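S.K.: Under this note's numbering, the first residue of the sequence shown is numbered 4, with each subsequent residue one higher.
Ideal Cβ positions, reconstructed from N, Cα and C, are used throughout, including at glycine.
Since the model is a prediction, treat every value here as computed from it, not as a measurement.
Input: one structure, supplied below.
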Amino acid sequence: MEKGSRARDYHPDTRSVSQRRTFRSCGYKWLFNYLQGWRSRQTRAVMVLGSVMEQIASAIACGWVTTADDAEAGFLLAWDMLDRSTVEWSVRNTWEAFRDQGAALSRIIVPQIQERIFVPEVLGQQYMQERIFHFLAPGVREQCIPDLYGFVRQDLFSDYRLTVLDFKTKDRGFDDSAIELDEQMVAYQLAEESKTRMVQQLCLCVMIRGANPKMQWLFADPRPTLLVERHLQSATLIDAQIKRGEFWQNPNECFNMGECEFLSLCYPSRAHERDAKLIRNGDRRASLFTGWDD
Ligand code: SF4
């Protein structure tokens, strides 16, 4: 979407799946991030790897990259240009380890994506990373950026179907049923349908890094009406709570799966860490950046 169009369609009360996930985990997290503009100085390494891999996969899916050599070269170029000081590395997730894993993964995804994703020659048959603004209910604004909409087939012997697809990068595969309740997929479906585009199937395309890189393709039918209605109810409820300013702290989330990035804002004993760990973009009501997954 053009910059002008993006600015025209944007509204500060625009929500997304990432925002709702953040709000559900802890209201204060949403407040700090989306209302007050706080964010970590560093991005976790797995997020950065996922973002680069998504760009490589997209380039293959639309036919810009056609060989394993080019995919690997594209990955290495992007990875070597990273500003490493902006990334949070760990003992296992080092720049070097991810460089090797990403290069190997970039090679093996080429034939698999080419086998399943149709590269159209006609405009309007494939949309990549399109930012879609629409309404989930009267006054409930939503933005969504599906990774891909276009023709995808389940295997060499299946027909191509109009599909909305999400790329993921993980260190292990998902359970086969993971796609069925994935909130992101119903959000993608609704976004495409708001553009009056037919969605015949949903697809989760998982790029699995590690010693044995591989891909996992999960497919599901579009969400039935009942599940769509539940999704809309939940989104509408959260939108109303945010508009009413109902935010609570959730202490169960502070040290869940590591430390919450906002500990220095909630815990006076950690306040001295604030400037080293966080920066603030100023009051932004809600950011246009809604997470890596939107
Ligand atoms: S530190 Fe705890 S209460 Fe504060 S935003 Fe994070 S999860 Fe919420």
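#1: Could you please give me the residues that DSSP links to residue 210 through a beta bridge?
#2: Going by C-alpha to C-alpha distance, which of 64, 102, 54, 89 sits closest to residue 339?
#3: Can you check which of these residues, 162, 139, 96, 205, is closest to residue 48 by C-alpha distance?
#4: Cα separation between residue 46 and residue 81?
#5: Between the C-alpha atoms of residue 207 and residue 243, what's the straight-line distance to the nearest angstrom?
#6: Answer yes or no: the CB of residue 280 versus the heavy atoms of the ligand SF4, is any distance below 7 Å?
#7: Which one or two residues does DSSP pair with residue 130 in a beta bridge?
#8: Three or more C-beta pairs closer than 8 Å, one from the region 187–203 and one from the region 124–141: is that the case here?
#9: Got a sec: does the ligand SF4 put a non-hydrogen atom nearer than 7 Å to the Cβ of residue 266?
#10: Is the beta carbon of residue 23 sitting closer than 8 Å to the one on residue 144?
#11: Please give me, in chain order, every unbroken run of the beta strand (DSSP E) with length at least 3 that falls completely inside the region 28–108.
#12: Less than 8 Å separating the beta-carbons of residue 133 and residue 149?
#13: Please state whether the Cβ-Cβ distance between residue 110 and residue 282 is less than 8 Å.
#14: Should residue 256 be counted as a contact of the ligand SF4 given a C-beta to heavy atom distance under 7 Å?
#15: In terms of residues, what are the limits of the alpha helix (DSSP H) holding residue 140?
#16: Assuming residue 165 contacts residue 154 (C-beta within less than 8 Å), just tell me the rounded distance between them.
#17: Mind reading off the beta-carbon distance from residue 3 to residue 125? Whole number of angstroms is fine, and I expect it under 8 Å.
#18: Would a C-beta distance cut-off of 8 Å place residue 205 and residue 188 closer than the cut-off?
#19: State buried or exposed for residue 272, treating a residue as buried only when at least 16 other CB atoms are found within 10 Å of its CB.
#20: Suppose the cutoff is 7 Å on Cβ atoms and the five residues either side in sequence are ignored; what does the same chain contact list for residue 36 look like?
#21: Quick one: measure Cβ to Cβ for residue 146 and residue 212, integer angstroms, because I've assumed they're closer than 8 Å.
#22: Within this structure, are the beta carbons of residue 181 and residue 151 separated by less than 8 Å?
#23: In chain order, what residues of the same chain lie with their CB nearer than 6 Å to the CB of residue 130, ignoring the 5 residues before and after it?
#24: Closest to residue 55 by C-alpha separation, out of 108, 156, 72, 27, would be which residue?
#25: Would the C-beta of residue 163 count as close to the ligand SF4, meaning under 7 Å from any of its heavy atoms?
#26: Nearest to residue 250 by CA position, among 38, 60, 16, 202, is which residue?
#27: For a test of your reading of the model: does the CB of residue 37 fall under 7 Å from any non-hydrogen atom of the ligand SF4? Yes or no.
M.R.: Per the coordinate set shown:
#1: As a working note, residue 210 is residue 207 in the sequence shown. Note: residue 210 sits in a beta bridge opposite 172, 218.
#2: No answer is possible for residue 339: it lies beyond the span of the chain, which begins at 4 and ends at 297.
#3: Residue numbering aside, residue 48 sits at position 45 when the sequence shown is read from its first letter. If we check each option's Cα against that of residue 48, 96 comes out closest.
#4: Counting from one through the sequence shown, the residue named residue 46 turns up at place 43. Counting from one through the sequence shown, the residue named residue 81 turns up at place 78. Approximately 16 Å, taken between the alpha carbons.
#5: Residue mapping note: residue 207 aligns to position 204 of the sequence shown, counting from 1. Residue mapping note: residue 243 aligns to position 240 of the sequence shown, counting from 1. Straight across, the Cα-Cα distance linking residue 207 with residue 243 is about 30 Å.
#6: In the sequence shown, residue 280 corresponds to position 277, counting from 1. Result no, Cβ not under 7 Å from the ligand SF4.
#7: Your numbering for residue 130 matches position 127 in the sequence shown. Answer by DSSP bridge pairing, in chain order: 152.
#8: Touching, per the Cβ criterion.
#9: Looking up residue 266 in the sequence shown gives position 263. Yes, since a heavy atom of the ligand SF4 falls inside the 7 Å radius drawn around the Cβ of residue 266.
#10: Taking the sequence shown and counting its residues from 1, the one referred to as residue 23 is at position 20. Taking the sequence shown and counting its residues from 1, the one referred to as residue 144 is at position 141. Contact: no.
#11: With a minimum length of 3 residues, the continuous beta strand (DSSP E) runs that stay inside the region 28–108 are 41–43.
#12: Walking along the sequence shown from the start, residue 133 turns up at place 130. Walking along the sequence shown from the start, residue 149 turns up at place 146. Closer than 8 Å, so yes.
#13: For this step, residue 110 is matched to residue 107 along the sequence shown. For this step, residue 282 is matched to residue 279 along the sequence shown. Not closer than 8 Å, so no.
#14: As a first step, residue 256 must be located in the sequence shown, where it is residue number 253. Indeed, a heavy atom of the ligand SF4 lies less than 7 Å from the Cβ.
#15: On the sequence shown, residue 140 is found 137 positions in, with the first residue counted as 1. It is not in any alpha helix (DSSP H) - residue 140 instead sits in the beta strand (DSSP E) that spans 135–140.
#16: For the purposes of this step, residue 165 is taken as the residue at position 162 of the sequence shown. For the purposes of this step, residue 154 is taken as the residue at position 151 of the sequence shown. Sure, about 6 Å apart at Cβ, within 8 Å.
#17: Past the boundaries of the shown model lies residue 3; the chain is included only from 4 to 297, so the question cannot be answered.
#18: Translated into positions along the sequence shown, residue 205 becomes position 202. Translated into positions along the sequence shown, residue 188 becomes position 185. Yes; because the gap between Cβ atoms is below 8 Å, this pair is in contact.
#19: For the purposes of this step, residue 272 is identified with residue 269 of the sequence shown, where counting begins at 1. By the 10 Å Cβ count, residue 272 comes out exposed.
#20: Numbered from 1 along the sequence shown, position 33 holds the residue referred to as residue 36. Excluding sequence neighbours, residue 36 sits near 25, 42.
#21: For the purposes of this step, residue 146 is identified with residue 143 of the sequence shown, where counting begins at 1. For the purposes of this step, residue 212 is identified with residue 209 of the sequence shown, where counting begins at 1. Going by Cβ atoms, the distance from residue 146 to residue 212 rounds to 29 Å, so no, they are not a contact pair.
#22: For the purposes of this step, residue 181 is taken as the residue at position 178 of the sequence shown. For the purposes of this step, residue 151 is taken as the residue at position 148 of the sequence shown. Between residue 181 and residue 151, the C-beta spacing is not below 8 Å.
#23: Mapped onto the sequence shown, residue 130 falls at position 127. Result list for residue 130: 152, in chain order.
#24: Locating residue 55 in the sequence shown gives position 52, counting from the first residue. Comparing Cα-Cα distances from residue 55 to each of 108, 156, 72, 27, the minimum goes to 108.
#25: Walking along the sequence shown from the start, residue 163 turns up at place 160. When distances are taken from the beta-carbon of residue 163 to the heavy atoms of the ligand SF4, even the shortest one reaches 7 Å or more.
#26: Walking along the sequence shown from the start, residue 250 turns up at place 247. If we check each option's Cα against that of residue 250, 38 comes out closest.
#27: Looking up residue 37 in the sequence shown gives position 34. The answer is no for residue 37.
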